[in-house]
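All remarks here apply to the structure that follows.
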Amino acid sequence: MAFFSRLIDASKVTAFMVLTATATGSPAAVGILALCATAPVILLGPSIGVQIDRRSPSKMLVVGLASQVVVAAGLALLAGAGLAGVPVLVGAALILGTCQAVSDNCLNVILPHVTDSDRLLRANGIMSTGQSMARIIGPMAGSALAVLAPGSLFVAWAVLSAALCCVVVARVGGTSAQVGHGDSRPSWRDGFVWIAGSGPTRRLLIAVTLNNMAYGSMAAVLPILAMQSLGLPPATYGVVASTTSLAALFGSMLATVAGPRATLMRVSMASLVVQLGGFSALAFAWSAPSLFVAVGILGLSTGAWNVASSTRLMAIVPAEVRGRVMAAYRSVAFAGSPAGNVVGGATGEGWLRVPLYAAACAAAVALVVFAREPRGRSADEER
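According to this note's numbering, the sequence shown is numbered sequentially starting from 48.
Below you can see the structure in the form of structure tokens.
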């Protein structure tokens, strides 16, 4: 289920950017579409978390998927009539981004509820592996169909969303109907308050946000660095993203296998150390082969880090506030990426390498923050 949900999301972002670039040729317009995909998670996440805890994650997931069906079907009709212009795409991106925020938060709440603690790492690893596979396939499928048959792409989104909705109703609904309801009057502030009072969660969030800032800073200059400085042909730049996603797939599988043998703390620490090495290698990459090695290292470490860190979070947060905490956590963490974009874009105007050095520094700080976790305490909370 997570695979198909992420497949829609990954193809959606790429397709909207391709359609906008084709229609306008404006980098600003393309940037706005990219921002629309992330903004709902940052701005609406805490409110979505309240609704998840007030109602139930399964019901909210059905609402999110059903809304995707309606929007995607409407886009297909508008595309068939030749009316799917940029304003329509912006509106659709915001609505679908909100639906995706609902779906992601609900899945993160449902998984630890329907999975035994001893099997949580394996279940989360399988989910993350499926999402990594979707990130490889989605952008390629989205860009190709956006050019060849956008109407068919929108229909595919509607069909997949409807199928997922049926799966949730048939298999998940009954088991997760009462996850929340720990507080009769939940507030969007509850998640932030809980995180502030939980040392392990607070340190984890700081590390994740710094990592997202590092990746955002890197993303602001990586295409220009690869094509203009390192001589990578523009037509093959997509291979860089595919390399990262493929390495992340192996990283998530590695963390899933290594987790039961080592503690999640050790897997997380190892992935952060490798990630710092990847950013450092990228900062000093002077050829296309060295670039691919660096992004491969980053992808591998990111896949392992995502599995280990998200599993620790699921194990720590109690069920009665899980919706609010998960949503608040993702709201702050996701904000790191556009913040990194701004920093990278501003500092990269002078010299392209500066944002990469900044990314390596952010990764180093994330490692230091996370390493302050008391060993004995984390071992109890992560299992």
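Backbone N, C-alpha and C define an ideal beta-carbon position, used for all residues, glycine too.
Quick check: the Cα distance between L124 and V286, rounded to an integer number of angstroms?
33 Å
A355 and S292 closer than 9 Å at C-beta:
no
If you draw a straight line from the alpha carbon of L200 to that of D56, how long is it in whole angstroms?
12 Å
Starting from D151 and walking both ways along the alpha helix (DSSP H), at which residues does that stretch end?
For D151, the enclosing alpha helix (DSSP H) covers residues 133-161.
How many angstroms separate the CA atom of R53 from the CA atom of A140?
15 Å
Check whether L272 and F326 have beta carbons under 9 Å apart
no
Output needed for A224: all residues of its chain with C-beta closer than 7 Å, excluding positions within five of it in sequence on either side, in chain order.
Reliability of the predicted coordinates at A224 is poor, the pLDDT of 45 falling under 50, and the value obtained from them is presented with this limitation in mind. Within the same chain, A224 has close Cβ partners S103, S105.
If I measure Cβ to Cβ from L207 and keep anything under 8 Å in the same chain, skipping five residues before and after, which residues do I get?
So the list reads F51, L54, I55, once near-sequence residues are dropped.
Around the C-beta of A49, are 16 or more other C-beta atoms found within 10 angstroms, so that it is buried, or is it exposed?
buried
Supposed close pair V415, G238 - CB separation, criterion 8 Å:
V415 to G238, Cβ: 25 Å. No contact.
Straight-line Cα distance separating S245 from F63
39 Å
Between S190 and A295, which are expected to be in contact by the criterion C-beta below 8 Å, what is the C-beta distance as a whole number of angstroms?
Wrong, their Cβ atoms sit about 19 Å apart, outside the cutoff.
Name the residue from L311, S264, S299 whose alpha carbon lies nearest to the alpha carbon of A409.
S264
Can you tell me whether DSSP reads W204 as helix, strand or coil?
W204 falls in the helix class under three-state DSSP.
Leaving aside the five residues before and after V60 along the sequence, list all residues of the same chain whose C-beta is less than 6 Å from its C-beta, in chain order.
A84
Here's the rule: buried if 16 or more other CB atoms are within 10 angstroms of the residue's CB, otherwise exposed. What is D151?
That one is buried.
Between the segment 208-216 and the segment 338-353, are three or more C-beta pairs nearer than 8 Å?
The segment 208-216, when compared against the segment 338-353, does not touch it at the 8 Å Cβ threshold.
How do the segment 170-188 and the segment 129-146 stand: do at least 3 beta-carbon pairs fall below 8 Å, yes or no?
no
Is there at least one Cβ from chain C nearer than 9 Å to S348's Cβ?
In the structure shown, chain C cannot be found, because there is only a single protein chain.
Three-state secondary structure assigned by DSSP to R53:
helix
Does DSSP put W333 in a helix, in a strand, or in coil?
coil
From R169, L251, W235, V161, pick the residue whose C-alpha is nearest to that of Q98; which is it?
W235
Burial state of V194 (16 or more Cβ within 10 Å):
exposed
Short Cβ contact (9 Å threshold) for A80 with L136:
Looking at the sequence itself, residue 80 is Leu, so the reference to Ala does not match. Yes; because the gap between Cβ atoms is below 9 Å, this pair is in contact.
Classify P280 as helix, strand or coil using the three-state DSSP reduction.
coil
Would you mind stating whether S318 and A328 have Cβ atoms separated by less than 9 Å?
no
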